[in-house]
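Protein chains in written order, with this note's numbering: chain A, 7 to 121; chain B, 89 to 202. Just so it is clear, CB atoms sit at the ideal spot from N, CA and C, and this is done for glycine as well. Below is one structure, written out as structure tokens; comments come after it.
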Amino acid sequence: GDSVTQMEGPVTLSEEAFLTINCTYTATGYPSLFWYVQYPGEGLQLLLKATKADDKGSNKGFEATYRKETTSFHLEKGSVQVSDSAVYFCALSVPGSSNTGKLIFGQGTTLQVKP
Amino acid sequence: EAGVTQSPTHLIKTRGQQATLRCSPISGHTSVYWYQQALGLGLQFLLWYDEGEERNRGNFPPRFSGRQFPNYSSELNVNALELEDSALYLCASSLVGSGSYEQYFGPGTRLTVT
């Protein structure tokens, strides 16, 4: 079935360090891929998305490239800030399948950035 | 533009009672989705409504139900509450429910069952 696997957290980095959060997926069709961020006590915010292979989503310095050959959608940022501390969720949606309409989420990765 | 709104922010109920959660989508969005975020279980899809109809349902018992109104707002009802229903319930909306359109989330309703 359709699923998403994220790297285990928590991830602790110093300010201005490079960030990578790994995400791999399994999908029966042609998924759209998303990264969401959840700040403490809040709902989810869409960070970026990609809808087809080799698409690169980017927003607020974060980037992720849809890699069909490796079924991956890793999140990267060149220089993290303390304000980036949050939980990051990778998710997929597969149009035209039994999972149509639903987002399937990874388990989430907690990022803590220290000054 | 106003985002997705949910009410109430917090809800405390006793086991066996019923809970009603409400959601208003972004203006122009016709699809509404409900998710449960329980501690240790991650984010689980509950229900999808589009144009007033239930389009898809997650692996939850029938005591989780809902509806969508003509103005596209939605209600989630949880009957016969159990302790394990304690969770953050998130509502999301999108333009259409094709799967390619991103979903925008509200702040959630924190349901506590005692």
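Measuring CB to CB, does A/TYR31 end up less than 9 Å from A/THR57? In this structure, A/THR57 does not lie closer than 9 Å to A/TYR31 by Cβ.
DSSP state of B/VAL184 mapped onto helix, strand, coil: In the structure shown, B/VAL184 sits in coil (DSSP, three-state: anything other than H, G, I, E or B).
Nearest to B/THR108 by CA position, among B/LEU135, B/GLU139, B/ASN165, B/THR102, is which residue? Comparing Cα-Cα distances from B/THR108 to each of B/LEU135, B/GLU139, B/ASN165, B/THR102, the minimum goes to B/ASN165.
Alpha carbon of B/THR200 to alpha carbon of A/VAL119, nearest angstrom: The alpha-carbon atoms of B/THR200 and A/VAL119 are separated by roughly 31 Å.
Extent of the continuous beta strand (DSSP E) run through A/VAL128: Within the shown structure, residues of chain A are numbered from 7 to 121, placing residue 128 of chain A beyond reach of any answer.
Can a CB atom of chain B be found closer than 9 Å to the CB of A/PHE79? For A/PHE79, the closest Cβ of chain B is not nearer than 9 Å.
Under 9 Å, CB to CB, which of the residues in the stretch 175 to 199 of chain B have a partner in chain A? With the criterion set as a beta carbon lying under 9 Å from some beta carbon of chain A, the members of the stretch 175 to 199 of chain B are LEU176, LEU178, CYS179, ALA180, SER182, GLY185, SER186, GLY187, SER188, TYR189, GLU190, GLN191, TYR192, PHE193, GLY194, PRO195, GLY196, in sequence order.
Would DSSP call A/VAL86 helix, strand or coil? In the displayed model, A/VAL86 falls within coil according to three-state DSSP, outside both helix and strand.
Residues in the same chain with beta-carbon distance under 6 Å from A/SER85, minus the five sequence neighbours each way, listed in chain order, please. Same-chain partners within the cutoff: GLU22.
Applying a beta-carbon distance threshold of less than 9 Å, which residues of chain A neighbour B/TYR121? Against chain A, a Cβ distance below 9 Å from B/TYR121 picks out GLY107, LYS108, LEU109.
So that I know if they touch, is there some Cβ in chain B lying closer than 9 Å to that of A/GLU21? Not closer than 9 Å to any Cβ of chain B, the Cβ of A/GLU21 fails to qualify, so no.
Please list, in chain order, the chain A residues whose beta carbon lies closer than 9 Å to that of B/PHE133. Those are ASN105, GLY107, LYS108, LEU109, ILE110, PHE111, listed as they occur along chain A.
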